[in-house]
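Worksheet: one structure, shown below.
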Amino acid sequence: MVADGVLRQPNLMLNQNGERFMDEGMLGNTTFSGNAMFLQPGHYAYVIMDRAILKKYQEEGPDIMDIVHPAAGFKMLDSVIKKAEANGYDAIITADSVAELAEKLAIPAAKLQKAIADHDGYCDQSQDTEFFKNPAYLHKLTGEGGYLVGKFYSGAYGTVGGVKIDENCQVLDDEDQAIPGLYSAGSDANTIYADSYNFTLPGNTMGFAVNSGRIAGLEAAKRIKQ
Ligand SMILES: Cc1cc2nc3c(=O)[nH]c(=O)nc-3n(C[C@H](O)[C@H](O)[C@H](O)COP(=O)(O)OP(=O)(O)OC[C@H]3O[C@@H](n4cnc5c(N)ncnc54)[C@H](O)[C@@H]3O)c2cc1C
-7 MVADGVLRQP NLMLNQNGER FMDEGMLGNT TFSGNAMFLQ PGHYAYVIMD RAILKKYQEE
53 GPDIMDIVHP AAGFKMLDSV IKKAEANGYD AIITADSVAE LAEKLAIPAA KLQKAIADHD
113 GYCDQSQDTE FFKNPAYLHK LTGEGGYLVG KFYSGAYGTV GGVKIDENCQ VLDDEDQAIP
173 GLYSAGSDAN TIYADSYNFT LPGNTMGFAV NSGRIAGLEA AKRIKQ
């Protein structure tokens, strides 16, 4: 959705305890950030920005750009927020003050205030001495115009890992021996990824699904003929 790309920018990211846990500059790599988020309480994290930062993105472009979330999305955020609120969607949170934000996020206000102050301090000195985020991504959170927060969960586009197969898509047993007549393909057999989805090659899961399905079908037909 539009808000995903707008709010998933390398701004202050906190877990439910109000703690930073990674270099937010890595948010563009959903494999790294998804694994880090998954280790947090509740398996989610909040990415916090304000309207001053949004304005900067609208005028100068975002920090993290990708083809799935074009720059036009940054101009459409208000209508998306309105729709999200009307539909009771709880992954976009807005607030006019730190106190209101703390209440909405259920993070103790003093902890949230400190996390913001620490982060602003790194922005002032152009150096993140905690997680060493790229200084180009250090934008102060003044709260100007109100806070905009995205709640992010790690998710999946399909399964990773899964049933072990050989090059003919035959399912392997615990001793890596082919089980005669049993084939697996697509997401169920996506052993090429082990535990992390690879984003560097567009269409690679779909490509694997189509081709492993084709190979499994051909091999099964060959077996039936024999
Ligand atoms: C939001 C999203 C975005 C994605 N973007 C990309 C992308 O950009 N590039 C890319 O390469 N991949 C992408 N993928 C992944 C890609 O869609 C999958 O890898 C691919 O669809 C897997 O194909 P499949 O045939 O293995 O499984 P599926 O497409 O999941 O097909 C499984 C089928 O089995 C049916 N089924 C399940 N249980 C039963 C049952 N008991 N009986 C009968 N039928 C059953 C299901 O209804 C479904 O039709 C994306 C996935 C999602 C969800």
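Per the working numbering: the sequence shown ends with 218, consecutive numbering throughout.
All residues carry an ideal CB built from backbone N, CA and C; glycine is no exception.
CB of residue i within 8 Å of CB of residue j, strictly
i, j, result
"L19", "I40", "no"
"I56", "Q1", "yes"
"V(-2)", "G65", "yes"
"P100", "A109", "no"
"C161", "A107", "no"
"T197", "Y149", "yes"
"V152", "Y189", "yes"
"A170", "S204", "no"
"Q8", "Q32", "yes"
"V155", "A181", "yes"
"L133", "L4", "yes"
"G10", "K74", "no"
"Y38", "V202", "no"
"F124", "R12", "no"
"I97", "L69", "Just to set this straight, residue 97 is Leu in the shown sequence, not Ile. Against a cut-off of 8 Å, the Cβ pair of L69 and L97 comes out as no contact."
Residue i: CB within 7 Å of a non-hydrogen atom of ligand 1
i, result
"M5", "no"
"N196", "yes"
"S188", "no"
"D(-4)", "no"
"Y145", "no"
"G150", "yes"
"D158", "no"
"D180", "yes"
"E212", "Checking the displayed sequence, the identity of residue 212 turns out to be Ala instead of Glu. A212: no, Cβ never under 7 Å from ligand 1."
"A83", "no"
"A221", "No answer is possible for residue 221: it lies beyond the span of the chain, which begins at -7 and ends at 218."
"G199", "yes"
For residue i, the three-state DSSP class (helix, strand or coil)
i, result
"L174", "strand"
"I99", "coil"
"M29", "helix"
"T183", "helix"
"V155", "coil"
"Q162", "strand"
"M5", "strand"
"D58", "strand"
"D168", "coil"
"G20", "helix"
"G137", "coil"
"S71", "helix"
"K125", "coil"
"Y189", "coil"
"R215", "helix"
"A107", "helix"
"G113", "helix"
"F66", "helix"
"Y49", "helix"
Per DSSP, the bridge partner or partners of residue i
i, result
"G142", "V39, I84"
Minimum Cβ-Cβ distance from residue i to chain C less than 8 Å
i, result
"P54", "The structure shown has no chain C; it contains just one protein chain."
Problem - Inter-stretch contact at 8 Å, needing at least 3 Cβ pairs: the segment 77 to 92 / the segment 127 to 140 - result: Taking 8 Å as the limit for Cβ pairs, the verdict is that the segment 127 to 140 does touch the segment 77 to 92.
Handout entry: Stretch pair the segment 111 to 128 + the segment 24 to 32: three plus CB contacts closer than 8 Å
Key = no
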